[in-house]
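Asker: Here's a structure for you.
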Amino acid sequence: MRRAAWAIPLLITCTTASCGDGDGGEPDASVDAGREDAGRFDDVAWPALDEAARDEALAPREGVIEVVIDTDLGNEIDDQFAVVHALLAPERLDVRAIHAAPWGISGELITSPAFTSVLDARLLREQLAERGVDPASFPTIRPSIGMSRAFDEATEITALLGREVPVFHGAGRYLGTDPLGPVASEATESLIALAREARDGPLYVLALGAITNVASALLLAPDLVEHIVVVWASAYPSFWPSPNASYNLAQDVAAARVVLASGVPFVYVPGFFVAEELRVTRPEIAANVEGAGALREYLFTLYENHPIDGDHFAGRSKVLWDMAVTAWALDPAWTESALVATPSLDETLRWSPRAGAPVMREVRDLHRDGVMRDFYARLAATDP
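Numbering (this note's numbering), first residue to last: -3 to 380.
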């Protein structure tokens, strides 16, 4: 889950050689095409879970749970904090694999109404005008490049923590691009195999980016509906009456629609109003993260070098959006949630009720200080 402001300084300094296809060639338009839903996959025969099985899958579980992290590491800094938090909690989260999700950026995407909130869109337009920047001139980061960066970043984090967690490449394009359909990858193979293993309880898929890999795996193996729980942060609460906006959603709307329609047990963490509570400031990060040791140096450098929106006043803050997903998995008591009917997304990206929809668990509030206190304590426990 992202707001738009961070993208402006990143893209202004980006060059086609470093952010496009790596050889100065023409950028791939699939970054923008990924926002379009060319079909709804209505012909898929999804397994039907009975009410008792769904309620059991969505109920918080005690003890160790097995998880897969599907992440777009590298385009922001919140995923790094989320992945580290998960890997620092082996007594609760058995991280079976990390899957690299596609991510990309372009001038058209960041000026799309699907990308961010109305307020942030206005601030974004003001920043562009102040800097004399034409969005059409921005280099494009292709989703295949973003996915590769996520893979590299995940590999670096596991090495840094000394954890032997397998990392897999995910989709190099979005499900909603031509040719329309699931994108087979190492990540889909891994998820399908892990989901079908015998275990007491479901496999939790912690989705921290565009949900392409998860939707693709569901389309390739619809029986996964019976074996996994998907936890995803994106967009607005289901009561929101206006069109949705979110980086995690905007890149691959078709994938989001597949997950919503599949009936897979789904924990939805709204980015705005909920994950948005995980806001930190530089003094807080300096007090709790800066220090000796490779892990502290890695995280503090990420925060310190993150451009945010170019405004470096003393009280500036940064949201660590996707930590909300790992927070729910680590301790659901940090959240307040309810079972609600799973909506669909209409053509304007508004939430829309649908007849006979199964329930999902929607997080409505989050204990910000509890989450951050736990993260800082686990980080301190790694000190030499």
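The beta carbon of each residue, even a glycine, is placed where N, CA and C say it ideally should be.
Going by C-alpha distance, which of M319, G287, L204 and G259 is nearest I65?
Answerer: It is L204.
Asker: How far does the alpha helix (DSSP H) with T208 in it extend, from its first residue to its last?
Answerer: Its alpha helix (DSSP H) spans residues T208 to L216.
Asker: Below 8 Å, how does it come out for the stretch 111 to 119 and the stretch 146 to 165: are there three or more Cβ pairs, yes or no?
Answerer: Short answer: they don't touch.
Asker: For a test of the three-state rule: what should DSSP assign to T151, helix, strand or coil?
Answerer: Helix at T151.
Asker: For R88, does the three-state DSSP call read helix, strand or coil?
Answerer: If DSSP states are grouped into helix, strand and coil, R88 belongs with coil.
Asker: Mind checking which residues open and close the alpha helix (DSSP H) that includes F262?
Answerer: Segment F262 to V265 is the beta strand (DSSP E) holding F262; no alpha helix (DSSP H) there.
Asker: If you check the beta carbons only, do P239 and R346 fall under 8 Å apart?
Answerer: In this structure, R346 lies closer than 8 Å to P239 by Cβ.
Asker: In this structure, how does DSSP classify R121 when only helix, strand and coil are distinguished?
Answerer: Correct three-state label for R121: helix.
Asker: Count the other CB atoms within 10 Å of the CB of D33; is the residue buried (16 or more) or exposed (fewer)?
Answerer: Here D33 scores only 49 on pLDDT, less than 50, and its place in the model is too uncertain to base an answer on.
Asker: With a CB to CB cut of under 7 Å and the five nearest residues on each side skipped, what residues in its chain are close to A25?
Answerer: With a pLDDT of 36 at A25, under the threshold of 50, the modelled position of this residue cannot be trusted; read the value that follows with caution. Closer than 7 Å at the Cβ level, and outside the excluded window around A25, lies no residue.
Asker: In angstroms with no decimal places, state the Cα-to-Cα distance between E47 and S333.
Answerer: Their Cα atoms are separated by approximately 18 Å.
Asker: Taking C-beta to C-beta, are S186 and P339 nearer than 8 Å?
Answerer: Contact flag unset, no.
Asker: Under 8 Å between the Cβ atoms of A229 and A183?
Answerer: Going by C-beta atoms, A229 is not nearer than 8 Å to A183.
Asker: Pick out the complete beta strand (DSSP E) segments inside the stretch 165 to 213, 3 residues or longer, and give them in chain order.
Answerer: Listed in chain order, the complete beta strand (DSSP E) runs (minimum 3 residues) inside the stretch 165 to 213 are 199 to 203.
Asker: Could you tell me which of V210, I73 and E52 sits nearest to V201, measuring between CA atoms?
Answerer: It is V210 whose Cα lies nearest to the Cα of V201.
Asker: Taking the beta carbon of S348 as the centre, do at least 16 other beta carbons fall within 10 Å, making it buried, or is it exposed?
Answerer: So S348 counts as exposed.
Asker: Considering only the alpha carbon of each residue, which of N301, L335 and E343 lies closest to A53?
Answerer: Nearest of N301, L335 and E343 to A53, Cα basis: L335.
Asker: May I ask you to report which of helix, strand or coil DSSP gives E358?
Answerer: DSSP places E358 in strand when its eight states are reduced to three.
Asker: Report the partner residues of V63 according to the DSSP bridge assignment.
Answerer: Per DSSP, V91 and Y200.
Asker: Please determine if the stretch 253 to 261 and the stretch 211 to 225 are in contact, where contact requires at least 3 C-beta pairs separated by less than 8 Å.
Answerer: With a cut-off of 8 Å, the stretch 211 to 225 and the stretch 253 to 261 count as touching, because enough Cβ pairs lie within range.
Asker: Just how far apart, CA to CA, sit E104 and A49?
Answerer: For E104 and A49, the distance between alpha carbons rounds to 43 Å.
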